[in-house]
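Encoded as structure tokens, the structure appears first; notes follow it.
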Amino acid sequence: SVATNINSEASKAGDELQGLRDFRITPSQTTATGQPLTHYHSLLYSLLSWERPRATAISFASVIAFILAARFLPLLRWVFKFLYLSLGLMAAIEITGRILLAQGLASSFRPRKYYTIPKETVEAVLEDFEQLVDFFLIEFQRILFAENIVHTVVAFSAAFFSYWLIKILPLWAFSLLAVTVAYLGPLAYISNQEIIDEQIENAQQMINSQATHVKDLAGQQTAQATVLVKQYVGDYSAKAQEYIGRSRSASPELSKAPVAIKAEPSSPESKVRQTDFPEAPQDEPTSEPSAPEIKSELIPAS
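Residues 34 to 335 in the numbering used here are what the sequence shown spells out, letter by letter.
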């Protein structure tokens, strides 16, 4: 019957959800650097690969419903409305009880011990959060450093289209599209895995052949450029040497040989004779008469 089928499907869905919740197996595969992966790698792979189709469908529908509810329903207002109604009701009950019964009614429902989170639960949550952060960090670095070139190309395409779509789509529509692609993309790949793998292999072969062709062309162009550069260097070197030779032949100072200067014989010096000098006086010199005395001697006395 219909009720039996519904109960059976509900039981199977519950079992798959419980199995997905308990699926915390760290995979044996490691990264290219030898680091171990987290249990979120196994969890998300099991979720997005549709190994448990009912659990994956329920999670997909839940995420879509949350996005639509956040867009079209005033969830935040409802939260504050629930808070002020519950707090106001408890305050009214407490005040009424103290006035009428001389005893608070709300305080009578107070538990003997307030609820607290156990330390083991907090540590488990923090450890789980650490594993989640490590999952995103490891996957981002594996994609960034091209550990798998296909994943890097897919991530590049997603980032490129997201850059343009975010300009024309509101945030809720963009989130809806991203979640739909994240859940239905792996399903489409699994359904057509052989065809997609064949096309990917053909694309890789074509890329490798084109890369080899470009490498050969680059080698040929490099060889031709090297020969041409050597030829130009030889031509310019020959022209430079020819120019230097012409400059040396045109310069008279450089072409003339040094002229030997003939030293003229110096004329012999004439010998000095004793007769060339006057004889030295032998008598002692006498004092000459003064001018008045000479005048008196020349004029006779009257």
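Note that the Cβ used here is the ideal one computed from N, Cα and C, for glycine as well. As the structure is a computational prediction, the values presented were derived from the model and not from experiment.
Residue i and residue j look like a contact to me (Cβ under 8 Å); what is the Cβ gap, rounded to whole Å?
| i | j | result |
| --- | --- | --- |
| Pro86 | His74 | In fact, because the Cβ distance is near 20 Å, the residues do not count as touching under 8 Å. |
| His72 | Gln164 | 6 Å |
| Ile91 | Ala43 | Contact doesn't hold; Cβ gap of about 11 Å is too wide. |
So, for residue i: in the same chain, excluding its five sequence neighbours on each side, which residues have a beta-carbon less than 7 Å away from its beta-carbon?
| i | result |
| --- | --- |
| His184 | Ile176 |
| Leu159 | none |
| Val35 | none |
| Asp167 | Thr71 |
Residue i by DSSP, collapsed to three states: which one?
| i | result |
| --- | --- |
| Pro203 | coil |
| Pro69 | strand |
| Thr154 | helix |
| Thr59 | coil |
| Ala188 | helix |
| Gln136 | coil |
| Arg143 | coil |
| Thr129 | helix |
| Thr37 | helix |
Taking the alpha carbon of residue i as the point to measure from, which residue in the options has its own alpha carbon closest?
| i | options | result |
| --- | --- | --- |
| Gly218 | Gln264, Glu231, Lys200 and Ala191 | Ala191 |
| Asn181 | Leu116, Ala43 and Ile233 | Ile233 |
| Tyr78 | Ala215, Leu109 and Asn38 | Ala215 |
| Glu84 | Leu220, Asp249 and Val266 | Leu220 |
What number of angstroms, rounded off, separates the C-alpha of residue i from the C-alpha of residue j?
| i | j | result |
| --- | --- | --- |
| Ser208 | Pro151 | 35 Å |
| Glu127 | Ser119 | 12 Å |
| Phe105 | Leu202 | 16 Å |
| Ala251 | Asn241 | 15 Å |
| Tyr222 | Leu198 | 23 Å |
| Gln68 | Ala188 | 22 Å |
| Ser280 | Ser270 | 15 Å |
| Ala157 | Arg131 | 43 Å |
| Leu122 | Arg110 | 18 Å |
| Thr259 | Asp268 | 14 Å |
| Ser24 | Phe56 | Past the edges of the chain, shown from 34 to 335, lies residue 24, and the structure says nothing about it. |
| Ser288 | Ile277 | Here the model assigns Ser288 a pLDDT of 48, short of 50, so the residue's position is not dependable, and the following value carries that caveat. Distance between the alpha carbons of Ser288 and Ile277 is about 14 Å. |
| Ile171 | Leu76 | 15 Å |
| Ile228 | Asn235 | 11 Å |
Within a Cβ cutoff of 6 Å, which residues of the same chain sit near residue i, ignoring the five residues on either side of it in sequence?
| i | result |
| --- | --- |
| Val212 | Val96 |
| Ala88 | Glu49, Leu50 and Leu53 |
| Gln226 | none |
| Glu302 | Legend: pLDDT at Glu302 = 49, less than 50; position of this residue unreliable, no value from coordinates given. |
Less than 8 Å between C-beta atoms, sequence neighbours within five positions excluded: which residues of the same chain meet that for residue i?
| i | result |
| --- | --- |
| Ala124 | Ala139 |
| Ile100 | Trp205, Ser208, Leu209 and Val212 |
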